[in-house]
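Written below as structure tokens is the structure these notes are about.
Protein chains in written order, with the working numbering: chain A, 43 to 572; chain B, 43 to 572.
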């Protein structure tokens with residue numbers, strides 16, 4: 043095992059093969075800067091031969107001042123019928139003028155015969171030609187041996203010959219790709235040892251896919267067996283099940299294997315890089331991601347919580363701050379008093395579990411949880427509840443009554459909107475108003491806010507960005523009770539509230555009221571900073 | 043390596059430690075039936091000592107007729123200060139009367155000293171006492187050695203002693219748990235070999251967490267080293283980054299390692315089990331999941347697509363149909379048709395994709411799926427849709443109009459019920475009636491059935507047993523559109539229907555109508571037997 047490994051990021055190339063990823067050139071340039079700032083060694087920017095967007099990227103990326111990363115273009119070996127210098131795809135690679143060029147070639151005889159439909163020898167010539175020609179046009183040349191592991195399993199001698207051709211062509215690094223992601227750890231170890239025996243002095247790399255959920259494991263096992271170059275993507279984006287996830291590989295290399303790949307300082311950026319890039323791709327950040335997920339160091343079970351309060355090592359395999367992540371404690375019916383106290387402290391709500399307020403708050407939380415309340419994802423409701431027991435909630439408003447009317451004529455005419463009317467009282471003023479909505483909850487929401495905005499203009503900033511409904515005790519069918527989780531924002535902050543009731547309107551009403559009260563208290567500086 | 047491995051599912055216990063998982067007893071019973079049907083050997087149902095919901099589950103699960111799986115309860119070793127027979131947590135385990143009991147004990151000296159705050163020897167006695175006492179109260183006893191790998195790294199002799207105590211106590215299986223998920227593959231292999239050397243004849247199990255994104259790899263490596271019992275959860279639910287994902291472990295064992303764990307027939311259910319359980323948990327199904335994800339065999343890249351059309355092996359590591367999954371080619375709109383045909387055939391609905399009915403049905407299904415319909419768990423609606431295009435649906439009734447009125451006075455008086463009125467037409471008779479309900483959907487449901495029962499007395503047998511709401515496009519807040527899934531029964535059969543609409547009432551109405559029509563057609567012998 044070597045003590046230094048190079049990180050080759052292909053988020054912008056293989057990552058964009060992911061079903062839900064589609065990037066503008068501007069996005070690609072922004073991501074390039076983020077990756078450079080993270081300290082990866084190589085950034086594979088795209089396949090200039092395959093789409094004009096990527097040509098454009100390579101034109102523009104030259105003007106970025108990068109601190110650390112080298113940009114690589116990506117392409118394939120020359121076509122069978124063409125001279126290397128006449129192959130448009132090869133010409134594009136040269137024209138993108140990147141310091142590094144990476145191409146893939148066929149290692150698996152099945153592909154040579156069935157996909158390329160040429161002879162095994164023709165493929166060897168194609169590899170040699172392409173490598174030796176492109177090597178002249180870049181500082182560093184990387185050869186990706188596509189399907190190397192599958193190829194080796196079917197025809198080891200031939201698979202090794204393809205590497206031989208690339209090495210003779212002058213490749214600086216030979217990357218062994220598990221393109222279909224089907225290779226098992228012990229197969230991978232065995233095959234790498236075979237390659238090392240044949241080419242003891244050639245720097246080797248690994249390119250893994252996650253189709254068997256082994257992408258990260260195989261990548262670090264490859265390093266254990268002497269690989270010095272690891273390819274992957276941020277958050278494991280990629281075709282099908284994705285590429286090997288650099289957000290897990292890098293911490294494993296740094297913190298568990300003691301291998302130098304990015305600096306300790308840069309490692310602290312990993313969590314925010316993972317989130318930022320999801321933002322740019324407009325994808326939700328998976329909270330369960332190892333190392334960088336919001337839940338990666340979140341503790342729910344009561345046993346766990348009481349233990350980590352004594353010593354975090356008891357249930358945390360690493361120190362989250364090393365990755366810019368942090369510990370969280372969740373509140374739920376699985377958890378004891380300790381979670382609630384810990385959470386209250388973190389929110390800066392001084393509450394003593396033996397005080398009158400503490401006891402009554404705890405009693406109410408348990409009661410509400412039995413009714414189906416769920417505070418884990420509803421911090422704002424949780425905070426309001428604690429503050430209520432401390433007598434800190436002001437009487438901002440009172441809803442005296444509301445009516446929701448949903449009248450449908452079931453001829454195929456346009457669906458008519460739902461109507462809601464409300465009477466709200468603020469101090470001694472009463473406001474009676476009505477509003478329409480495309481559903482009962484939406485109509486009620488509109489009516490209540492319309493009435494309150496008269497008194498609290500700030501509420502104009504309030505917007506609901508997420509709304510989730512869960513039916514409880516569902517054996518009662520439509521008579522079941524309902525839990526509603528709402529996420530709100532006022533552009534400055536985001537907060538979550540929860541409501542449970544006999545029906546969706548009542549439950550939504552409670553969550554809406556919490557959201558509005560939280561917003562009003564926030565503007566009065568009466569809630570804790572997040 | 044053994045050729046037979048037992049699958050121990052802890053979705054209902056460790057899986058519920060996941061931040062976004064909160065299950066009702068009814069959900070747990072449904073999931074129990076799904077897991078049994080999948081053919082897992084053990085189902086860990088919960089921790090009776092830790093919450094009342096789980097005690098309730100163990101009371102009710104006895105009445106399920108399971109085909110294959112054994113139910114296990116879960117708990118911890120006795121408390122230091124208590125006699126084993128007086129420890130409430132131990133008593134709960136005995137009272138749950140499960141054929142299998144699983145408890146965890148401490149293997150890591152750090153935990154013994156810092157979490158339990160007792161001596162190392164006291165912990166050994168605690169393990170021995172607890173195991174030998176509980177072993178008398180079950181057919182099979184499983185001992186989970188919590189933090190075994192971390193424990194072994196810090197104090198191998200002591201970690202092995204804790205296993206010794208459990209073995210002397212009479213444990214049938216010793217499960218080595220990587221509780222913090224921080225163990226690297228080669229460490230795991232080395233430690234397992236150490237345990238085998240000390241206890242050559244003891245059946246060993248593995249319990250992995252995914253904190254280093256190594257959960258699946260470590261689980262199958264453990265099997266390679268002779269482990270015969272593998273614990274995990276469906277879709278890898280679990281605290282923090284989740285438990286080892288059985289939806290990846292099972293296919294790796296079956297298809298790549300040739301190990302017998304579940305039958306080939308049951309393996310075909312894996313994709314739908316993965317989706318169904320996400321639906322029950324009200325979680326979106328991650329399309330990038332290995333083996334069972336919608337994208338696991340979806341091809342986007344042009345090179346890949348043309349190659350797989352020549353030979354799927356070129357870019358697919360296994361045959362997706364073995365898992366009930368299928369290939370998708372993202373550039374072609376043909377995707378999905380085969381699944382639909384497959385499902386129609388399975389339901390015994392003869393439909394030819396080139397017939398007029400077939401084409402129009404397929405077109406409507408595509409349209410509905412884009413609107414957010416989901417037929418995976420709504421077979422009845424799916425069947426009605428196909429039969430509609432075959433012109434087989436009778437005009438049982440027509441709802442001319444309905445009105446729902448929800449009027450609240452928000453003084454703390456009793457909540458007044460919601461009122462619904464409907465006008466329905468059957469043949470040329472019109473029935474106008476009204477009913478109350480504890481919510482808008484419930485009121486409408488009551489009114490419609492009250493009106494129809496006049497014409498179809500059988501509807502008295504119809505009962506809704508499950509009702510789920512999912513908000514689609516939730517960024518729109520309360521204006522989002524809604525999907526409702528309803529499960530109905532008439533004591534003889536169960537069926538699922540789905541509706542999507544702008545609001546919960548409209549969506550529920552559609553699902554309710556499907557349920558009623560399905561019941562009426564069923565009584566007329568016009569639907570296929572399940």
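Positions of the beta carbon are idealized from the N, C-alpha and C atoms, including for glycine.
The DSSP-derived three-state label of residue 204 of chain B is helix. With respect to the 7 Å criterion, residue 473 of chain B and residue 496 of chain B are classified as neighbours on the basis of their beta carbons. The closest CA to that of residue 232 of chain B, considering only B:110, B:482, B:97 and B:266, is found on B:266. Of all residues in the segment 530 to 547 of chain A, the ones placed with a Cβ closer than 9 Å to any Cβ belonging to chain B are 530, 543, 544, 545, 546 and 547, in chain order. Interface annotation, residue 198 of chain A: not in contact with chain B, CB-CB separation never under 7 Å. Closer than 7 Å at the C-beta level to chain A, one finds these residues of the segment 287 to 299 of chain B: 287, 290, 294 and 298. For residue 151 of chain A, the nearest beta carbon of chain B is not closer than 7 Å to its own beta carbon. Inside the segment 474 to 524 of chain A, DSSP marks whole beta strand (DSSP E) runs of 3 or more residues at positions 505 to 514, from first to last along the chain.
With contacts defined as CB atoms closer than 7 Å, residue 59 of chain B and residue 408 of chain A fail to qualify as a contacting pair.
With the criterion set as a beta carbon lying under 9 Å from some beta carbon of chain A, the members of the segment 334 to 368 of chain B are 335, 336, 337, 338, 339, 340, 341, 342, 343, 344, 345, 346, 348, 349, 352, 353, 355, 356, 357, 358, 359 and 360, in sequence order.
At least 7 Å separates the beta-carbon of residue 486 of chain A from that of residue 459 of chain A. DSSP places residue 89 of chain A in no alpha helix (DSSP H); its state is neither H nor E. Scanning its chain for C-beta atoms nearer than 8 Å, with the 5 sequence neighbours on each side dropped, one finds around residue 259 of chain A the residues 227, in chain order. Excluding the 5 residues flanking it on each side, residue 480 of chain A has same chain C-beta neighbours closer than 8 Å at 459 and 460, in chain order. If you check each beta-carbon in the segment 120 to 131 of chain A against every beta-carbon of chain B, none falls closer than 8 Å. Only residues of its own chain outside the window of five on either side were considered, and among them 53, 73, 76, 276 and 277 have a CB closer than 8 Å to the CB of residue 319 of chain B, listed in chain order. Separation of residue 414 of chain B and residue 546 of chain B (C-alpha to C-alpha, rounded to the nearest whole angstrom) is 14 Å.
Listed in chain order, the non-local C-beta contacts of residue 203 of chain B below 7 Å within the same chain comprise 166, local neighbours out to five positions each way being set aside. Relative to the Cα of residue 280 of chain B, the nearest Cα in the group B:394, B:62, B:150 and B:305 belongs to B:62. For residue 556 of chain B, the enclosing alpha helix (DSSP H) has its first and last residue at 546 to 565.
For residue 217 of chain A, the closest of A:198, A:199, A:189 and A:196 by C-alpha to C-alpha distance is A:189.
Contact of residue 447 of chain A with chain B by beta-carbon distance below 9 Å involves 445, 446, 447, 448 and 449. Under the three-state reduction of DSSP output, residue 302 of chain A falls in the strand class.
Put simply, the backbone Cα of residue 530 of chain B is about 10 Å away from that of residue 422 of chain B. The residues 120 and 121, in chain order, have a CB closer than 7 Å to that of residue 129 of chain B in the same chain once the five nearest residues on each side in sequence are set aside. For a Cβ distance threshold of 9 Å, residue set 226, 227 and 228 of chain A lies close to residue 266 of chain B, ordered along the chain.
Secondary structure at residue 390 of chain B: coil, using DSSP grouped into helix, strand and coil.
CA-CA distance, residue 340 of chain A to residue 416 of chain A, rounds to 16 Å. Listed by position along chain B, the residues whose Cβ is nearer than 7 Å to that of residue 255 of chain A are 258, 287, 290 and 332.
Interface with chain A (7 Å Cβ-Cβ cutoff): residue 157 of chain B is included. In chain B, no part has a C-beta under 9 Å from the C-beta of residue 392 of chain A; the shortest such distance is about 26 Å. Within chain B, no residue has its CB atom less than 9 Å from the CB of residue 415 of chain A, the nearest being about 10 Å off. The criterion of a C-beta distance shorter than 7 Å is not satisfied by residue 106 of chain B and residue 117 of chain B. With respect to the 7 Å criterion, residue 197 of chain A and residue 223 of chain A are not classified as neighbours on the basis of their beta carbons. Residue 94 of chain A is outside the set of residues whose beta carbon lies under 7 Å from a beta carbon in chain B.
For the 7 Å CB-CB criterion, residue 211 of chain B and residue 150 of chain B do not form a contact.
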